[in-house]
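Top line first, the protein sequences correspond to chains H and G.
Following this note's numbering, the numbering of the first sequence begins with 228 at its first residue and continues without gaps.
Following this note's numbering, the numbering of the second sequence begins with 228 at its first residue and continues without gaps.
Just so it is clear, CB atoms sit at the ideal spot from N, CA and C, and this is done for glycine as well.
As the structure is a computational prediction, the values presented were derived from the model and not from experiment.
Let me begin by presenting the structure, written as structure tokens, before commenting on it.
There are 2 protein chains.
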Amino acid sequence: MPVNYAPRTPDEILPVRGVALGTAAARIKRWERDDLLVVALTPGTQASGVFTRNRFCAAPVTVCREHLARRRPVQALVVNAGNANAGTGAKGLADARAVCAAVGAAVRCAADEVLPFSTGVIMESLPVDRIVAAVPACAAALAERNWAAAARTIMTTDTVPKAASRRTAVDGVDVTVTGIAKGAGMIAPNMATLLSFVATDAPIGRDLLDGLAREAANASFNRVTIEGDTSTNDSFVVLATQQAPLAPIERASDPRAAPVREAIAAVALELAQAIVRDGEGATKFISILVENGRDAAECDRVARAIAHSPLVKTAFFASDPNLGRILCAIGNAGIADLDPARVSFWLDDVAVVADGGRAASYREEDGQRVMRKPEIDVRVALGRGRASSTLWTCDLSHDYVSINADYRS
Amino acid sequence: MPVNYAPRTPDEILPVRGVALGTAAARIKRWERDDLLVVALTPGTQASGVFTRNRFCAAPVTVCREHLARRRPVQALVVNAGNANAGTGAKGLADARAVCAAVGAAVRCAADEVLPFSTGVIMESLPVDRIVAAVPACAAALAERNWAAAARTIMTTDTVPKAASRRTAVDGVDVTVTGIAKGAGMIAPNMATLLSFVATDAPIGRDLLDGLAREAANASFNRVTIEGDTSTNDSFVVLATQQAPLAPIERASDPRAAPVREAIAAVALELAQAIVRDGEGATKFISILVENGRDAAECDRVARAIAHSPLVKTAFFASDPNLGRILCAIGNAGIADLDPARVSFWLDDVAVVADGGRAASYREEDGQRVMRKPEIDVRVALGRGRASSTLWTCDLSHDYVSINADYRS
């Protein structure tokens with residue numbers, strides 16, 4: 228059960244002009260459900276991507292990067308769940324290209340106009356034959372209203388599909404932004420790759436789209452963490468179909484770029500937070516704000532030290548105001564000249580630590596009250612500057628261990 | 228149940244001339260057992276310490292550092308379990324000094340000749356009165372044969388006491404090295420601080436002792452990890468009572484230093500590995516060797532990325548040869564120019580990945596066979612140099628979550 232997140236109904240997911248989606252069952256694993264998605268894009272669609280920094284990036288990530296490096300429009304995406312095609316060497320690259328070629332044949336475009344994505348088990352060969360055989364069924368099912376089915380198709384250990392939409396006005400013209408994502412562990416190298424696809428009909432040029440994609444990723448997917456790893460397959464792609472009746476928007480300084488930027492950022496943030504709310508075994512949604520740092524990077528280090536500490540995460544799971552663990556995590560963030568005597572922190576409105584020691588006003592029952600909530604704000608003040616950083620994470624539960632210890636059996 | 232570790236019998240723990248130990252029940256928590264240890268040292272005993280790098284170091288760590296900075300002999304140690312005296316500000320420092328004064332009064336030395344240690348819950352006041360009241364009972368119980376009782380007294384979430392001894396000959400004279408340790412999480416900021424005390428009767432001078440302590444810590448306690456945090460209280464102290472009938476050993480170049488160095492290193496390594504074997508919820512003991520790196524630091528980064536990945540740790544717990552997770556962790560170690568195509572790894576004798584892809588000879592049943600063992604060697608070759616690094620860790624089990632989620636209730 229995700230923390231305060233219900234999947235959007237199909238009616239809440241707005242179609243995007245120029246984007247058609249089709250799903251089918253390729254039976255990559257022993258699943259009954261659809262596991263293959265083809266997205267057909269109207270000619271002239273621009274695409275930009277942000278990908279994993281893991282040195283062992285998956286074959287489809289390498290192929291996506293190659294195809295995007297040509298800086299030409301993209302005609303299709305293809306996404307399979309159940310197999311990551313990672314750690315598969317030269318054969319994996321050939322497999323990813325074969326899938327692109329099959330999709331190109333089905334939607335009538337070149338193989339290098341297709342972007343491939345995979346999520347699932349690492350180090351097992353992609354069942355290319357079954358995927359290629361299911362591509363025509365995906366192509367036959369293509370429709371603009373299929374976003375909800377697409378969101379379900381790309382799931383792995385996710386318990387709910389994730390989609391988000393915004394409509395905004397640009398010079399009086401309606402512009403739509405809709406996206407889907409799958410996650411479960413921000414980085415479970417295995418079954419919990421993060422994939423997200425966000426599309427708009429706004430006529431955004433490629434250079435500007437690159438900036439918007441990077442910006443949106445930095446403020447959303449790069450600010451959530453389940454357990455601190457980064458998968459081999461993480462991919463975030465933004466598509467602009469150019470179908471809204473507007474003159475091209477090419478520069479960030481164009482005032483018409485602002486509402487589109489905001490809508491893309493809002494969709495990305497909603498999807499990123501949905502991934503945390505549906506994190507593997509998550510029972511709590513934790514927002515960590517670290518402020519008064521010298522620079523954003525050191526605030527981010529402290530936020531990640533808290534978010535990744537198994538001891539902090541298990542205390543949240545237990546609703547135990549065992550708050551020395553947060554203090555300890557701050558001390559472990561690697562800020563060599565941090566002055567403990569200037570550090571304070573709060574749980575929601577409750578001052579826990581003031582000037583490096585237990586706050587005089589702190590009472591365990593107040594900490595207990597906040598820790599019982601499903602959503603908790605942790606605010607840390609480092610007392611050394613004006614920078615800040617925010618991160619969203621979840622707790623570490625028995626179910627996290629069960630999901631990750633047992634899922635292959 | 229620790230992994231392949233049984234506590235030493237009292238007979239296996241050799242007394243060290245000049246070291247007397249006494250324990251008592253100060254009832255710091257609602258425990259029936261002894262929780263306070265005083266170690267009385269013969270006059271002239273040299274001491275050296277290696278302490279936590281956590282910026283929120285506990286009050287006793289600050290006081291230990293001060294007392295050791297005087298570079299004079301030490302007359303006593305005092306250790307309590309159940310309360311870490313960390314995150315306690317100025318009052319915590321005063322409390323630690325008050326305990327030193329009480330011990331000084333009991334064993335007839337100055338307060339600054341006493342080193343204090345605490346382990347337990349963070350951010351709660353040390354119950355000084357109960358500790359001071361129990362000091363005379365510790366003093367009355369002082370005896371050279373009390374090492375086993377001392378090892379039990381300092382336990383927190385440890386399931387077994389940990390002690391190790393070596394006897395070696397220096398110029399035909401018997402020299403003894405005996406130590407105790409407690410751990411459970413290398414760093415559970417709460418109940419699982421690492422404390423270790425190793426004593427020898429060898430006449431080692433302070434400068435040499437500093438080097439031997441640092442060296443032993445780097446090859447033992449700094450090479451084990453349970454979940455990757457570092458507690459506020461971690462302390463490793465080496466004592467040299469000077470009681471063996473030998474002329475002083477002052478320099479590392481003195482050939483008589485070698486056997487003592489080896490014995491201290493062996494005791495520290497045995498204790499450090501015992502801490503991992505008895506890690507919170509541990510069911511597997513994992514040795515990680517990373518080799519063919521450019522320098523030891525990058526090998527260490529890769530080893531820690533593997534050891535700290537919750538996904539790798541849960542796969543070990545499940546005995547699941549889900550080995551893409553190890554590949555993914557290697558890719559996440561932050562080596563920007565790592566060439567995946569040169570990376571190989573083995574599980575015991577089984578080649579899993581060769582040149583960046585699944586080894587041709589690899590069969591899942593071979594991986595399964597190794598993963599079922601209670602002790603597993605992971606060997607990674609980075610293919611870029613001659614440096615190497617070793618780390619010992621354990622798996623992440625349901626019991627880890629239970630211990631850390633539930634222990635305060």
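Residues bridged to residue i (per DSSP)
i: G:Leu-320; result: Answer is none; G:Leu-320 lacks a bridge partner.
i: H:Lys-409; result: H:Leu-422
i: G:Ile-513; result: G:Ile-603, G:Thr-620
i: G:Pro-343; result: G:Val-305
i: H:Phe-463; result: H:Val-277, H:Ser-423
i: H:Glu-518; result: H:Ala-608
i: H:Thr-403; result: H:Arg-394
i: G:Ile-476; result: G:Ile-431
i: H:Ala-614; result: H:Gly-520
i: G:Asn-310; result: G:Thr-346, G:Val-348
Interface partners of residue i on chain G, CB under 9 Å
i: H:Gly-612; result: The premise fails here: H:Gly-612 is roughly 16 Å from chain G at the closest Cβ pair, so nothing lies under 9 Å.
i: H:Phe-544; result: Val-628, Asn-631, Ala-632
Pick from the options that is closest to residue i, judged by C-alpha positions
i: G:Asn-449; options: G:Ser-352, G:Asp-527, G:Glu-592, G:Gly-584; result: G:Asp-527
i: G:Val-355; options: G:Val-387, G:Thr-395, G:Val-306; result: G:Val-306
i: H:Ser-275; options: H:Ala-426, H:Tyr-627, H:Ala-376, H:Val-243; result: H:Ala-426
i: H:Pro-486; options: H:Asp-522, H:Ala-523, H:Ala-303, H:Asp-428; result: H:Asp-428
i: H:Lys-389; options: H:Arg-379, H:Asp-398, H:Thr-395, H:Thr-383; result: H:Arg-379
i: G:Val-277; options: G:Leu-263, G:Asp-261, G:Ala-296, G:Gly-271; result: G:Ala-296
i: G:Asn-445; options: G:Thr-617, G:Arg-254, G:Val-628, G:Pro-234; result: G:Thr-617
i: G:Asp-566; options: G:Phe-544, G:Glu-591, G:Ala-608, G:Arg-599; result: G:Ala-608
i: G:Arg-590; options: H:Ala-367, H:Glu-602, H:Glu-351, H:Gly-432; result: H:Glu-351
i: H:Ala-364; options: H:Val-570, H:Leu-263, H:Phe-283; result: H:Leu-263
i: G:Ala-370; options: G:Leu-435, G:Leu-241, G:Val-570; result: G:Leu-241
i: G:Val-359; options: G:Leu-342, G:Ala-333, G:Ile-431; result: G:Ala-333
i: H:Val-465; options: H:Ser-480, H:Leu-422, H:Asn-231, H:Arg-611; result: H:Leu-422
i: H:Ala-587; options: H:Ala-376, H:Val-579, H:Ala-375; result: H:Val-579
i: H:Ala-408; options: H:Arg-504, H:Gln-470, H:Leu-435; result: H:Arg-504
Chain H contact residues for residue i, given Cβ-Cβ distances below 8 Å
i: G:Asn-312; result: By Cβ distance, chain H contributes nothing, its closest Cβ being about 11 Å from G:Asn-312, past 8 Å.
i: G:Ile-562; result: Arg-282
7 Å Cβ cut-off: residues of chain C touching residue i
i: G:Thr-457; result: The structure shown contains no chain C; its protein chains are H and G.
Cutoff 8 Å: residue i Cβ touching any chain H Cβ
i: G:Met-228; result: no
i: G:Gly-271; result: no
i: G:Arg-244; result: no
i: G:Leu-623; result: yes
i: G:Asp-547; result: yes
i: G:Asn-631; result: yes
i: G:Ser-616; result: no
i: G:Met-413; result: Per-residue confidence for G:Met-413 stands at a pLDDT of 42, beneath the threshold of 50, marking its modelled position as unreliable; the derived number appears in the next sentence. Answer no: the Cβ-Cβ gap between G:Met-413 and chain H never drops below 8 Å.
i: G:Ala-534; result: no
CB contact check: residue i to chain G, cutoff 8 Å
i: H:Pro-567; result: yes
i: H:Asn-417; result: Its pLDDT being 36, under 50, H:Asn-417 is placed unreliably in this model, and the value from its coordinates should be taken loosely. Yes, its Cβ sits closer than 8 Å to a Cβ of chain G.
i: H:Gly-316; result: yes
i: H:Val-628; result: yes
i: H:Leu-538; result: yes
i: H:Thr-395; result: no
Where the alpha helix (DSSP H) through residue i begins and ends
i: G:Asn-445; result: 433–446
i: H:Trp-374; result: 374–380
i: H:Val-355; result: 355–367
i: G:Ala-501; result: 484–504
i: G:Val-529; result: 523–535
i: G:Ala-296; result: 286–296
i: G:Val-597; result: 591–598
i: H:Ala-556; result: 551–558
Where the beta strand (DSSP E) containing residue i begins and where it ends
i: H:Leu-565; result: Note, H:Leu-565: premise wrong, no beta strand (DSSP E); not H, not E.
i: G:Arg-393; result: 389–397
i: G:Leu-264; result: 263–268
i: G:Leu-248; result: 246–251
Contacts that residue i makes with chain H (C-beta to C-beta distance below 7 Å)
i: G:Met-350; result: Leu-550, Gly-551, Leu-554, Arg-585
i: G:Thr-541; result: Val-628, Asn-631, Ala-632
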